[in-house]
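Encoded as structure tokens, the structure appears first; notes follow it.
Residue numbers (full-length UniProt numbering): 1 to 447.
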């Protein structure tokens, strides 16, 4: 069986532009939906845009809230979706749950999966139909109708708030997002790749979920989900289902392979000493299944930042004024953008010191430099009070002349005051690494 198409751009190129060019958007695929041997995919395996349809249905729900969808699913062609619903656009960061996975191996056992760097992320102008508008038009009741329009615009799109702000009937419902891609897992023969998100997330006025058919003002390409994909800002990429063919409202979450067998945080109960033992046990099916059954699927991503220049074991660019250039990206949380990034330069203690240990031993009086921030470009769609885009940052650091090897450290916080965690706990699959970004063994060519 051919290997799926999985690629990551060069980290240093990623932050040259605020909006990620389409050719630099990473590729993440499961099984052989798009084989890695295909250099340029031009058509989908499951049909063309002209023949594409989206089916909207409901299962096990109260018809007072989901209308006739239980007995009479609604089917929309892509052409109808484009004609009947205004084009909505959102600048949103798409990030794989495994972004920065390889960094965990510096202080822990190597996690399972592709050893991604920090470039499995893209900041894109997504365009399509508002998911909220499509569901309302299909007869789904508005979970937020008890709020005025002014109140709705101020509703916080966090997980807890989305549920508590919604009508009680909607809090236990889920929206399944079904792909046309069939799963080769041990499910029924016709099982599809799918995900689910809370219905209150899908219909939140400020969540900006889309049924997208374009990116950066161009039609989606098959490798990035054409002709139709879900856009679920602030959530792991696995919930942004590609080749989207159906929506289903249900009283239960999806039990598809990506929800049941993957994209969960599997962590040992003990400390670092138990990580290797846990990883060994997880190779046995029964133990792994029990652990998976205990965990909830990952949905949202926390605040994080990453250094894209310099790279590990590289030279800092020594400026004439004795300062060195550092740059990177930062992402916010729950619609609150990253607004502050701090960067520090410390002597690297050497290869025998793990990165987690370096972070734990940072002095309390460490001097942090506030980075310059770049938000939205003038040509981008105007943002509301909530932002799902990344922040680019850069800083010039004064470089002491008495140190030969440095570590560069970056951390961020959001407009809501949420701070990036210093150290993310290790997990078997290496998901959701939000630790402070550290680049090790950096030298400066003093003149």
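For glycine and all other residues, C-beta sits at the position ideal for the given N, C-alpha and C.
Own chain residues within Cβ distance below 6 angstroms of residue 415, not counting five before or after = The count along the chain shown starts at 1 and reaches residue 415 at position 415. In the same chain as residue 415, and ignoring 5 residues on each side of it, the C-beta atoms closer than 6 angstroms to its own belong to 336, 337, 339, in chain order.
query = Under 7 angstroms between the Cβ atoms of residue 93 and residue 386?
reply = Residue 93 sits at position 93 when you count from the first residue of the chain shown. Residue 386 sits at position 386 when you count from the first residue of the chain shown. In this structure, the beta-carbon distance from residue 93 to residue 386 does not fall below 7 angstroms.
For residue 420, three-class secondary structure by DSSP = Counting from one through the chain shown, the residue named residue 420 turns up at place 420. Coil.
task = Would you tell me roughly how many angstroms separate the C-alpha atoms of residue 234 and residue 127, rounded to the nearest one?
result = As a first step, residue 234 is located in the chain shown; it is residue number 234 there, counting from the start. As a first step, residue 127 is located in the chain shown; it is residue number 127 there, counting from the start. Each residue's alpha carbon lies about 16 angstroms from the other.
key: Bridge-paired residues (DSSP) for residue 340   = The count along the chain shown starts at 1 and reaches residue 340 at position 340. Partner(s): 413.
query = Closer than 7 angstroms, CB to CB, is residue 91 near chain D or not?
reply = Protein chain content of the structure displayed is limited to a single chain, and chain D is not contained in it.
inquiry  = Suppose the cutoff is 8 angstroms on Cβ atoms and the five residues either side in sequence are ignored; what does the same chain contact list for residue 215 look like?
reply    = Reading the chain shown from its first residue, position 215 is the one you call residue 215. Closer than 8 angstroms at Cβ, skipping near neighbours: 22, 25, 124, 125, 126, 127, 224.
query = In terms of DSSP beta bridges, what is residue 192 paired with?
reply = By 1-based counting over the chain shown, the position of residue 192 is 192. The partner list for residue 192 (beta bridge, DSSP) reads 182.
key: For residue 281, three-class secondary structure by DSSP   = The residue given as residue 281 occupies position 281 in the chain shown. Three-state result, residue 281: helix.
message = Once the 5 residues before and after residue 55 are set aside, which same chain residues still bring their CB inside 6 angstroms of it?
response = Numbered from 1 along the chain shown, position 55 holds the residue referred to as residue 55. Cβ within range, chain order: 73, 75, 246.
task = Could you say which of 437, 265, 326 lies nearest to residue 112 if we only look at CA atoms?
result = Here the question's residue 112 lines up with position 112 in the chain shown. Selected option, being the one with the closest Cα: 265.
Assigned secondary structure, residue 360 (DSSP; H/G/I helix, E/B strand, else coil) = As a position in the chain shown, residue 360 is number 360, starting the count at 1. If DSSP states are grouped into helix, strand and coil, residue 360 belongs with the helices.
ask   = Taking the beta strand (DSSP E) that residue 146 falls in, what are its first and last residues?
value = Position 146 of the chain shown, counted from the first residue, corresponds to residue 146. Note, residue 146: premise wrong, no beta strand (DSSP E); not H, not E.
ask   = Cα separation between residue 9 and residue 120?
value = Counting from 1 along the chain shown, the entry for residue 9 is found at position 9. Counting from 1 along the chain shown, the entry for residue 120 is found at position 120. Looking at the backbone, the Cα of residue 9 and that of residue 120 are separated by about 8 angstroms.
ask   = Rounded to the nearest angstrom, how far is the Cβ of residue 435 from that of residue 421, given a contact under 8 angstroms?
value = For the purposes of this step, residue 435 is identified with residue 435 of the chain shown, where counting begins at 1. For the purposes of this step, residue 421 is identified with residue 421 of the chain shown, where counting begins at 1. Yes, they are in contact, since the Cβ atoms of residue 435 and residue 421 sit about 7 angstroms apart, within 8 angstroms.
ask   = So does the stretch 353-361 actually touch the stretch 286-293, counting three or more Cβ pairs closer than 8 angstroms?
value = Three or more Cβ pairs closer than 8 angstroms define a contact, and the stretch 353-361 falls short of that threshold against the stretch 286-293.
request  = List the residues that DSSP assigns as beta-bridge partners of residue 235.
outcome  = Translated into positions along the chain shown, residue 235 becomes position 235. Beta-bridge pairing links residue 235 to 300.
ask   = Three-state secondary structure (DSSP) at residue 327?
value = Translated into the one-based positions of the chain shown, residue 327 becomes position 327. Three-state result, residue 327: strand.
ask   = How many whole angstroms separate the CB atoms of residue 327 and residue 394, which I take to be in contact at a CB cut-off of 8 angstroms?
value = The residue you call residue 327 lines up with position 327 of the chain shown. The residue you call residue 394 lines up with position 394 of the chain shown. The pair is a contact, with the Cβ atoms about 4 angstroms apart (cut-off 8 angstroms).
message = Suppose you measure from the CA of residue 502 to the CA of residue 203; what does that come to, to the nearest Å?
response = Residue 502 cannot be examined here, being either before or after the span of the chain that is shown, 1 to 447.
message = On the CB-based measure, 16 or more other CB atoms within 10 Å of its CB, does residue 270 come out buried or exposed?
response = In the chain shown, residue 270 corresponds to position 270, counting from 1. Answer is exposed; the Cβ neighbour count stays below 16.
message = Rounded to whole angstroms, what is the Cα-Cα separation between residue 316 and residue 301?
response = Here the question's residue 316 lines up with position 316 in the chain shown. Here the question's residue 301 lines up with position 301 in the chain shown. In a straight line, the C-alpha of residue 316 is about 30 angstroms away from that of residue 301.
ask   = Which word fits residue 427, buried or exposed, when buried means at least 16 other C-beta atoms lie within 10 angstroms of its C-beta?
value = For the purposes of this step, residue 427 is taken as the residue at position 427 of the chain shown. So residue 427 ends up on the buried side.
ask   = What's the C-alpha gap between residue 7 and residue 71?
value = As a first step, residue 7 is located in the chain shown; it is residue number 7 there, counting from the start. As a first step, residue 71 is located in the chain shown; it is residue number 71 there, counting from the start. Roughly 42 angstroms between the two C-alpha positions.
task = Give the DSSP-derived three-state secondary structure of residue 212 in the structure shown.
result = Within the chain shown, numbered from 1, the residue matching residue 212 stands at position 212. Strand at residue 212.
task = Take residue 15 and list the residues in its own chain whose beta-carbon comes closer than 7 angstroms to its own, dropping the five residues that flank it on each side.
result = One-based indexing of the chain shown puts residue 15 at position 15. Result list for residue 15: 308, 327, 328, 329, 392, in chain order.
ask   = What is the DSSP secondary structure of residue 439, counted as helix, strand or coil?
value = Taking the chain shown and counting its residues from 1, one reaches residue 439 at position 439. Three-state result, residue 439: strand.
ask   = Under three-state DSSP, which class holds residue 258?
value = If you number the chain shown from 1, residue 258 lands on position 258. If DSSP states are grouped into helix, strand and coil, residue 258 belongs with the helices.
query = Whose C-beta lies closer than 6 angstroms to the C-beta of residue 100 among residues of the same chain, with five residues either side of it excluded?
reply = Position 100 of the chain shown, counting from 1, holds the residue named residue 100. Cβ neighbours of residue 100 beyond the five flanking positions: 118, 433.
query = How is residue 293 classed by DSSP in three states: helix, strand or coil?
reply = Looking up residue 293 in the chain shown gives position 293. DSSP places residue 293 in helix when its eight states are reduced to three.
ask   = Would DSSP call residue 61 helix, strand or coil?
value = Along the chain shown, one-based indexing puts residue 61 at 61. Residue 61: coil per DSSP, three-state reduction.
Cβ pair residue 353, residue 438 closer than 7 angstroms = As a working note, residue 353 is residue 353 in the chain shown. As a working note, residue 438 is residue 438 in the chain shown. No.
ask   = Whose C-alpha, out of 347, 371, 370, 373, is nearest the C-alpha of residue 363?
value = Taking the first residue of the chain shown as position 1, residue 363 is located at position 363. Per the Cα distances, 347.
task = Please name the residue, chosen from 402, 53, 96, that lies closest to residue 304 on a Cα-to-Cα basis.
result = For the purposes of this step, residue 304 is taken as residue 304 along the chain shown, with counting starting at 1. Closest option to residue 304, Cα to Cα, is 96.
ask   = Looking only at its own chain, which residues have a Cβ that is under 6 angstroms from the Cβ of residue 141, when we skip the five neighbours before and after it?
value = As a first step, residue 141 is located in the chain shown; it is residue number 141 there, counting from the start. Taken in chain order, the residues that qualify are 65.
Whole-Å CB distance - residue 155 paired with residue 209, under 8 angstroms assumed = Counting from 1 along the chain shown, the entry for residue 155 is found at position 155. Counting from 1 along the chain shown, the entry for residue 209 is found at position 209. That belief does not hold up - the Cβ atoms of residue 155 and residue 209 are roughly 14 angstroms apart, past 8 angstroms.
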